[in-house]
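The opening residue of the sequence shown carries number 445 in our numbering; numbering runs sequentially from there. For every residue, glycine included, the Cβ atom is placed at its ideal position computed from N, Cα and C. The next block holds one structure in the form of structure tokens; read it before the comments.
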Amino acid sequence: MKRTDDYLKRREHLAKLDDGQLEERFWNLVGQLVDPLLQLGRENTTPAIERSVLLRMGFSSLEARDIVQGCLERGLLGHGAGHVVYKLAKHENIELRTAGLSLAGGDNWDKAAALFADSSPAQNGG
445 MKRTDDYLKR REHLAKLDDG QLEERFWNLV GQLVDPLLQL GRENTTPAIE RSVLLRMGFS
505 SLEARDIVQG CLERGLLGHG AGHVVYKLAK HENIELRTAG LSLAGGDNWD KAAALFADSS
565 PAQNGG
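Here it is as structure tokens:
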């Protein structure tokens with residue numbers, strides 16, 4: 445039975461490649477597809493995404509809302525709200541939850557902002 449499609453013609457450029465070369469080509473093509481998605485994830489965020497991250501860190505939706513709002517007001521959202529909480533906790537040598545609750549309560553924002561003073565986010569988010 446003869447094939448009626450153009451498979452053989454379309455695979456000509458691959459026919460001379462060995463398994464290692466085919467695997468290398470495959471991963472190169474995967475990278476071309478995935479790299480732009482990873483870049484988008486690094487450079488863009490939204491309040492909803494940041495609230496979602498905080499929820500997964502164990503904060504309630506109300507706590508997450510207050511932390512994200514504080515990040516927005518201070519131009520820190522582009523660093524990631526979870527990152528802000530994490531960095532504050534490490535700097536102050538306190539638990540993540542304690543750091544987040546202090547931010548949600550309106551405290552320690554000056555300290556948190558100072559931790560990011562020398563770095564600029566890819567995007568402030570919003």
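**Q.** Residue range of the unbroken alpha helix (DSSP H) whose run includes G446
**A.** The question names Gly, but residue 446 in the sequence shown is Lys. First-last for K446: undefined, no H or E at that position.
So, G524 versus E494, is the Cβ gap smaller than 8 Å? yes
**Q.** Straight-line Cα distance separating D510 from Y530
**A.** 16 Å
Worksheet item: Using 8 Å as the threshold, is the segment 486-506 in touch with the segment 450-468, meaning 3 or more CB pairs across them?
Response: no
ask   = Which residue spans inside the segment 523-560 form an unbroken alpha helix (DSSP H) run of at least 4?
value = 525-536, 540-548, 553-559
Can you name the start and end residues of the alpha helix (DSSP H) that N488 belongs to? That residue, N488, is in no alpha helix (DSSP H); it is neither H nor E in DSSP.
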